[in-house]
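I have placed the structure first, in the form of structure tokens, so that the comments after it can refer back to it.
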Amino acid sequence: MNEIRRIAAVLAFAARGLIRRPLQTALLLVVLTVSLAGTMTIMAVLSGVKQQMFQDLKRVGLDVVNVQMVPDMENLLLSPLLMEDARWMLAGAPGSRLAPFRVDMATGADLETERSADFLLLSTTHEWGVIAPQELIAGRFLKPGETDACVLDEQIARRLHPSGNAIGRDLFVTIDGAITVFRIVGVLKDPFAIRQRFDELDFAGAARSTINRILEFKSVYIAHDFSEPHEPIHGAVVQVASGQDAKAAARAIQGAIDERGLPIVAWARKDWVNNVMKGADLTTQVAGMIWIIVLFVTGVMILTISLVAIRERYRELAIRRTEGALRVQIVSQLLLENVLLSALGGGMAVILARQTGHLLESRYLSWPPVFLPNEMALALVLGIGIGALATVIPAWRAASLDPVEVLRRT
Amino acid sequence: MNTDPSTPLIELSGIHKTYSDGALRVHALRDVTLKVGRGEFVTIMGPSGSGKSTLLHILGCLDHPSTGSYRFDGADTSAFSDWELARTRNRRIGFIFQSFNLLLRETALENVCLPLMYAGEPDAAKRSREALTKVGLAGRVEHRPGQLSGGEQQRVAIARAIVKRPDVILADEPTGNLDTQVGHNIMDVFRSLHTDGLTIVLITHNPEVAALGTCQLRLRDGELREMAAPPAAR
Numbered sequence: 001m002n003e004i005r006r007i008a009a010v011l012a013f014a015a016r017g018l019i020r021r022p023l024q025t026a027l028l029l030v031v032l033t034v035s036l037a038g039t040m041t042i043m044a045v046l047s048g049v050k051q052q053m054f055q056d057l058k059r060v061g062l063d064v065v066n067v068q069m070v071p072d073m074e075n076l077l078l079s080p081l082l083m084e085d086a087r088w089m090l091a092g093a094p095g096s097r098l099a100p101f102r103v104d105m106a107t108g109a110d111l112e113t114e115r116s117a118d119f120l121l122l123s124t125t126h127e128w129g130v131i132a133p134q135e136l137i138a139g140r141f142l143k144p145g146e147t148d149a150c151v152l153d154e155q156i157a158r159r160l161h162p163s164g165n166a167i168g169r170d171l172f173v174t175i176d177g178a179i180t181v182f183r184i185v186g187v188l189k190d191p192f193a194i195r196q197r198f199d200e201l202d203f204a205g206a207a208r209s210t211i212n213r214i215l216e217f218k219s220v221y222i223a224h225d226f227s228e229p230h231e232p233i234h235g236a237v238v239q240v241a242s243g244q245d246a247k248a249a250a251r252a253i254q255g256a257i258d259e260r261g262l263p264i265v266a267w268a269r270k271d272w273v274n275n276v277m278k279g280a281d282l283t284t285q286v287a288g289m290i291w292i293i294v295l296f297v298t299g300v301m302i303l304t305i306s307l308v309a310i311r312e313r314y315r316e317l318a319i320r321r322t323e324g325a326l327r328v329q330i331v332s333q334l335l336l337e338n339v340l341l342s343a344l345g346g347g348m349a350v351i352l353a354r355q356t357g358h359l360l361e362s363r364y365l366s367w368p369p370v371f372l373p374n375e376m377a378l379a380l381v382l383g384i385g386i387g388a389l390a391t392v393i394p395a396w397r398a399a400s401l402d403p404v405e406v407l408r409r410t
Numbered sequence: 001m002n003t004d005p006s007t008p009l010i011e012l013s014g015i016h017k018t019y020s021d022g023a024l025r026v027h028a029l030r031d032v033t034l035k036v037g038r039g040e041f042v043t044i045m046g047p048s049g050s051g052k053s054t055l056l057h058i059l060g061c062l063d064h065p066s067t068g069s070y071r072f073d074g075a076d077t078s079a080f081s082d083w084e085l086a087r088t089r090n091r092r093i094g095f096i097f098q099s100f101n102l103l104l105r106e107t108a109l110e111n112v113c114l115p116l117m118y119a120g121e122p123d124a125a126k127r128s129r130e131a132l133t134k135v136g137l138a139g140r141v142e143h144r145p146g147q148l149s150g151g152e153q154q155r156v157a158i159a160r161a162i163v164k165r166p167d168v169i170l171a172d173e174p175t176g177n178l179d180t181q182v183g184h185n186i187m188d189v190f191r192s193l194h195t196d197g198l199t200i201v202l203i204t205h206n207p208e209v210a211a212l213g214t215c216q217l218r219l220r221d222g223e224l225r226e227m228a229a230p231p232a233a234r
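If you read the sequences in order, they're chains E and V. So in our numbering, spot 367 of the first sequence is number 367, and the numbers just go up one at a time. So in our numbering, spot 225 of the second sequence is number 225, and the numbers just go up one at a time.
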């Protein structure tokens with residue numbers, strides 16, 4: 001009980017020291033709070049991006065293997081892969097289901113809205129909607145044998161029909177000069193919710209283009225009958241059987257392809273997702289470096305303020321020394337004051353960062369910033385550590401001064 | 001603490017203090033020898049620059065002599081560690097300065113609590129209130145120095161010196177910044193403290209104040225020359 005009372009007295013003493021110097025306290029508090037809140041918010045926004053990206057990417061199907069040609073003009077023209085190749089391809093992944101596809105560059109137009117768009121025209125079977133399911137905003141996916149229908153992805157639908165009413169409209173598609181009409185039966189939700197916001201925010205330069213390149217899937221889906229064994233295809237999506245590892249399946253398929261020396265690659269979407277997330281991790285690491293620089297600058301600012309503040313207290317500290325305070329007690333007192341202040345600043349920074357996060361989410365972001373407990377704790381510990389480090393040197397210097405000399409001079 | 005009452009509380013022997021400023025050497029104290037017994041009221045008078053404050057700082061374990069020996073209650077202070085010096089200042093020596101040396105942001109009570117806080121006294125506040133009451137400031141405990149008159153500030157300083165129940169009080173020109181009447185009041189407090197049995201070493205340039213001492217010394221050019229007090233004191 002006595003110990004608790006003593007600790008409370010020491011803390012109260014330190015708190016009193018802060019309250020009695022409102023200007024210095026406020027200045028230090030503002031510097032600490034703003035810098036810590038800023039770094040916490042940045043980290044939370046980046047963590048939010050990562051989390052949102054991961055959620056988006058998971059929707060593309062983690063049990064799916066993509067099989068596609070190495071994308072060059074020769075392969076597109078010659079299509080070295082045929083429908084019948086599906087048999088040996090799936091031999092290494094028994095129980096898998098496959099949806100073949102062909103890809104053409106096409107232009108589509110709506111005569112009523114007089115709007116057009118370029119896109120990838122993806123000819124596939126109705127099974128695509130089962131193997132690599134995507135959320136629909138409106139309508140449905142293609143039915144078996146439905147050759148006059150198409151499904152748009154969200155971006156194309158928005159471009160052609162900004163009012164949002166695309167279902168049932170005719171899409172005039174031009175492929176190699178020939179025009180075909182498809183009835184729009186469905187609009188797929190953009191699996192990458194985060195992309196839309198990046199577009200709207202109009203982030204300049206590399207960041208936006210990189211993100212969009214990673215997430216580029218602007219397509220229109222039409223149904224095609226791939227029953228002819230010699231029909232060339234550009235690739236396929238393969239859903240591995242339940243309980244089977246998609247990465248292992250991708251390796252097995254790739255092995256079979258390599259045996260035949262075909263210019264085709266097979267990759268598990270799970271691997272792709274991991275690679276994208278590694279890229280996001282790298283971004284976070286760069287942000288972490290920036291964070292460290294910000295904290296270092298904050299530390300220098302606090303050190304400067306502490307130096308001035310402690311210099312202003314030389315006389316007070318000399319009086320304390322005269323009255324029997326040990327050097328270590330003087331240093332402890334100043335240290336405790338700053339640690340208390342840093343802890344307070346850290347607490348305020350948490351609140352400020354959370355409020356800023358809410359504000360950003362409501363006004364500018366489509367994803368919620370994620371305040372990870374370990375990052376918050378790290379920010380708090382670093383904040384308090386910086387406050388302490390920035391105090392120790394000037395505090396020890398002040399405590400080592402000759403009190404008689406200080407009192408004589410002041 | 002030495003329990004032998006015959007041991008002088010303060011014993012200076014052949015103290016020299018020299019300050020160097022480049023090639024210039026200033027002899028602040030020359031061969032100062034002094035004994036102060038318990039319960040004595042020693043006044044040391046001297047003009048400015050005579051070494052009074054230097055002597056007091058050495059007596060208060062705030063400064064070290066260049067040569068010579070200083071024994072406090074029988075213990076050689078030159079062998080004291082920083083911790084022992086601080087502990088001696090904290091528990092056994094009360095300081096009173098001409099400029100009061102109060103903490104301006106703290107209240108009178110907090111100022112008086114200061115040494116007890118460093119000593120880890122659990123009933124610091126109670127004892128501090130008693131000390132302030134003793135110097136006639138019971139109604140001013142929550143005032144800050146800026147809200148007190150010069151005389152009141154010096155009383156706070158006296159309360160801070162006596163609250164630790166020290167062996168000796170070292171006072172450096174305690175009435176130097178006060179007008180005559182207030183100075184008399186302060187000296188009444190000192191007289192009262194002496195009557196209570198406290199040992200006091202007081203430095204002044206005021207002969208009227210110096211006359212209050214049971215032992216009166218004169219410091220000139222760093223030398224303790226004149227001793228107008230009873231010889232038994234030394």
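We put the CB at the ideal spot given by N, CA and C, even for glycine.
Can you confirm whether Pro230 (chain V), when its beta carbon is compared against all beta carbons of chain E, has any partner nearer than 8 Å?
Sequence index remark: in the second sequence, residue 230 (chain V) carries index 230 (1-based). Any answer about Pro230 (chain V) is weak, because its pLDDT of 47 lies below 50 and its placement is not dependable; what the coordinates show is given next. The beta carbon of Pro230 (chain V) sits no closer than 8 Å to any beta carbon of chain E.
*Run the CB neighbour count on Asn165 (chain E), radius 10 Å, all protein chains shown included, and call it buried at 16 or more, exposed below.*
Position 165 of the first sequence, counted from the first residue, corresponds to residue 165 (chain E). Burial state of Asn165 (chain E) is exposed, judged by a 10 Å Cβ sphere holding fewer than 16 other Cβ atoms.
How would you call Gln147 (chain V), buried or exposed, if buried means at least 16 neighbouring beta carbons within 10 angstroms?
-> Counting from 1 along the second sequence, the entry for residue 147 (chain V) is found at position 147. Exposed, by the Cβ-count rule.
Per DSSP, which one or two residues make a beta bridge with Arg183 (chain E)?
Along the first sequence, read from residue 1 onward, the residue named residue 183 (chain E) stands at position 183. Beta-bridge pairing links Arg183 (chain E) to E:Ala149 and E:Asp170.
- Task: Using 10 angstroms around the beta-carbon of Asp153 (chain E), count the other beta-carbons present and answer buried if the total reaches 16, otherwise exposed.
- Result: Translated into the one-based positions of the first sequence, residue 153 (chain E) becomes position 153. Buried, because 16 or more other Cβ atoms sit within 10 Å of the Cβ of Asp153 (chain E).
**Asked** Is the segment 39 to 46 of chain V touching the segment 212 to 224 of chain V, taking contact as three or more C-beta pairs under 8 Å?
**Response** With contact defined as three or more Cβ pairs closer than 8 Å, the segment 39 to 46 of chain V and the segment 212 to 224 of chain V are in contact.
Just to confirm, is the Cβ distance from Ala223 (chain E) to Leu171 (chain E) under 8 Å?
Mapped onto the first sequence, residue 223 (chain E) falls at position 223. Mapped onto the first sequence, residue 171 (chain E) falls at position 171. No. Outside cutoff.
For Ile361 (chain E), would you say it is in contact with chain V, using Cβ-to-Cβ distances shorter than 8 Å as the test? Numbered from its first residue, the first sequence carries residue 361 (chain E) at position 361. Note that residue 361 (chain E) is Glu in the sequence shown here, rather than Ile. For Glu361 (chain E), no Cβ of chain V is located within less than 8 Å of the residue's own Cβ.
message: Taking only three categories from DSSP, how would you classify Gly108 (chain E)?
response: Start at 1 with the first residue of the first sequence, and residue 108 (chain E) comes out as number 108. DSSP places Gly108 (chain E) in strand when its eight states are reduced to three.
* To do: Look at the Cβ atom of Val112 (chain V), then the Cβ atom of Arg144 (chain V), and state whether they are nearer than 8 Å.
  => Here residue 112 (chain V) refers to the residue found at position 112 when the second sequence is read from its first residue. Here residue 144 (chain V) refers to the residue found at position 144 when the second sequence is read from its first residue. In this structure, Arg144 (chain V) does not lie closer than 8 Å to Val112 (chain V) by Cβ.
Chain-ordered neighbours of Val404 (chain E) on chain V, where CB pairs are closer than 7 Å
Taking the first residue of the first sequence as 1, we reach residue 404 (chain E) at position 404. Per Cβ cutoff of 7 Å: His57, Leu62 and Asp63.
> When you compare each of V:Ala75, V:Arg25 and V:Ser6 to Ser66 (chain V) by their alpha carbons, which one comes out closest?
Replying inline: Working through the second sequence from its first residue, we reach residue 66 (chain V) at position 66. Checking every option, the nearest Cα to that of Ser66 (chain V) belongs to V:Arg25.
Original post:
Quick one: is Ala131 (chain V) near chain E, going by C-beta distance under 8 Å?
Top reply: Residue numbering aside, residue 131 (chain V) sits at position 131 when the second sequence is read from its first letter. Chain E contact via Cβ: absent.
Quiz item: Just how far apart, CA to CA, sit Leu224 (chain V) and Leu34 (chain V)?
Solution: Start at 1 with the first residue of the second sequence, and residue 224 (chain V) comes out as number 224. Start at 1 with the first residue of the second sequence, and residue 34 (chain V) comes out as number 34. Approximately 8 Å, taken between the alpha carbons.
Whole angstroms is fine: what's the gap from Met73 (chain E)'s alpha carbon to Asp176 (chain E)'s? Looking up residue 73 (chain E) in the first sequence gives position 73. Looking up residue 176 (chain E) in the first sequence gives position 176. So the alpha carbons of these two residues sit roughly 15 Å apart.
Taking Lys189 (chain E) as part of the beta strand (DSSP E), name the residues at either end of that continuous run.
Within the first sequence, numbered from 1, the residue matching residue 189 (chain E) stands at position 189. Element bounds for Lys189 (chain E): n/a, residue is neither H nor E.
Next item on the list: Return no unless some Cβ of chain A is closer than 8 Å to the Cβ of Asn90 (chain V).
Entry: The chain labelled as chain A is not found among the protein chains of the depicted structure, namely E and V.
### Message
Taking CB distances under 8 Å as the criterion, tell me whether Ala86 (chain V) reaches chain E.
### Response
On the second sequence, residue 86 (chain V) is found 86 positions in, with the first residue counted as 1. It does; some Cβ of chain E falls within 8 Å.
Measuring straight from C-alpha to C-alpha, what distance separates Ile179 (chain E) and Arg140 (chain E)? On the first sequence, position 179 is the one that residue 179 (chain E) refers to. On the first sequence, position 140 is the one that residue 140 (chain E) refers to. Approximately 24 Å, taken between the alpha carbons.
- Message: Considering just the uninterrupted stretch of the beta strand (DSSP E) at Phe72 (chain V), what are its terminal residues?
- Response: Locating residue 72 (chain V) in the second sequence gives position 72, where the first residue counts as 1. Where Phe72 (chain V) is concerned, the enclosing beta strand (DSSP E) stretches over Thr67 to Phe72.
At 7 Å on the CB atoms, spell out the chain E contacts of Leu170 (chain V), in chain order.
As a position in the second sequence, residue 170 (chain V) is number 170, starting the count at 1. Identification of chain E residues near Leu170 (chain V) by a Cβ-Cβ cut-off of 7 Å yields none; the smallest Cβ-Cβ distance measures about 10 Å.
Check your understanding: Which partner residues does Tyr118 (chain V) have in the DSSP bridge list?
Key -> If you number the second sequence from 1, residue 118 (chain V) lands on position 118. DSSP, once it has assigned bridges, lists no residue as partnering Tyr118 (chain V).
- Query: What are the boundary residues of the alpha helix (DSSP H) that includes Gln55 (chain E)?
  - Reply: For this step, residue 55 (chain E) is matched to residue 55 along the first sequence. Residues Pro22 to Lys58.
Tell me the DSSP secondary structure of Tyr221 (chain E) in three-state form. Within the first sequence, numbered from 1, the residue matching residue 221 (chain E) stands at position 221. Strand at Tyr221 (chain E).
- Ala157 (chain E) to Glu127 (chain E) span [Cα, whole Å]: Counting from 1 along the first sequence, the entry for residue 157 (chain E) is found at position 157. Counting from 1 along the first sequence, the entry for residue 127 (chain E) is found at position 127. Near 22 Å, if we compare the C-alpha coordinates of Glu127 (chain E) and Ala157 (chain E).
Check: Just checking, does the segment 78 to 96 of chain E make contact with the segment 237 to 245 of chain E on the three C-beta pairs under 8 Å criterion?
Finding: Yes, since at least three Cβ pairs between the segment 78 to 96 of chain E and the segment 237 to 245 of chain E fall closer than 8 Å, the two stretches touch.
* Could you tell me which of V:Leu114, V:Thr204 and V:Tyr70 sits nearest to Gly176 (chain V), measuring between CA atoms? => Locating residue 176 (chain V) in the second sequence gives position 176, where the first residue counts as 1. Per the Cα distances, V:Thr204.
* To do: Could you name the residues that DSSP lists as bridge partners for Pro232 (chain E)?
  => The residue labelled residue 232 (chain E) in the question sits at position 232 within the first sequence. Beta-bridge pairing links Pro232 (chain E) to E:Leu82.
| Spatial neighbours of Ala388 (chain E) in its chain, beta-carbon cut-off 8 Å, leaving aside the 5 residues before and after | One-based indexing of the first sequence puts residue 388 (chain E) at position 388. Cβ neighbours of Ala388 (chain E) beyond the five flanking positions: Leu335, Asn338, Val339 and Ser342.
Query raised in the report: Under the rule that 16 or more other beta-carbon atoms within 10 Å means buried, what is Ser209 (chain E), buried or exposed?
Result: On the first sequence, residue 209 (chain E) is found 209 positions in, with the first residue counted as 1. In this prediction, Ser209 (chain E) scores a pLDDT of 43, lower than 50, which makes its location untrustworthy; no coordinate-derived value is stated.
- Query: Could one say the Cβ of Leu325 (chain E) lies closer than 8 Å to chain V's Cβ atoms, at least one of them?
  - Reply: Taking the first sequence and counting its residues from 1, the one referred to as residue 325 (chain E) is at position 325. In the sequence as displayed, the identity of residue 325 (chain E) is Ala instead of Leu. Taking Cβ atoms only, chain V reaches closer than 8 Å to Ala325 (chain E), which makes this a yes.
Worksheet item: Would Lys164 (chain V) pass as a contact of Pro115 (chain V) if the rule is Cβ separation under 8 Å?
Response: Numbered from its first residue, the second sequence carries residue 164 (chain V) at position 164. Numbered from its first residue, the second sequence carries residue 115 (chain V) at position 115. Yes, the Cβ-Cβ distance between Lys164 (chain V) and Pro115 (chain V) is below 8 Å.
Val65 (chain E) versus Val49 (chain E) - alpha carbon distance
The sequence position of residue 65 (chain E) within the first sequence is 65, counting from 1. The sequence position of residue 49 (chain E) within the first sequence is 49, counting from 1. Going by the C-alpha atoms only, they are around 25 Å apart.
- Message: Using 8 Å as the threshold, is the C-beta distance between Arg315 (chain E) and Val406 (chain E) below it?
- Response: Counted from its first residue, the first sequence places residue 315 (chain E) at position 315. Counted from its first residue, the first sequence places residue 406 (chain E) at position 406. Yes, Cβ-Cβ distance for Arg315 (chain E) and Val406 (chain E) is below 8 Å.
Just verifying my parser: in three-state terms, what is the DSSP assignment at Ser209 (chain E)? As a working mapping, residue 209 (chain E) is identified with position 209 in the first sequence. Bear in mind that a pLDDT of 43 at Ser209 (chain E), under 50, signals an unreliable position, so the model cannot answer this.
In whole angstroms, give me the CA-to-CA distance for Phe80 (chain V) and Ala15 (chain E).
In the second sequence, counting from the first residue as 1, residue 80 (chain V) sits at position 80. In the first sequence, counting from the first residue as 1, residue 15 (chain E) sits at position 15. Cα to Cα, Phe80 (chain V) sits roughly 33 Å from Ala15 (chain E).
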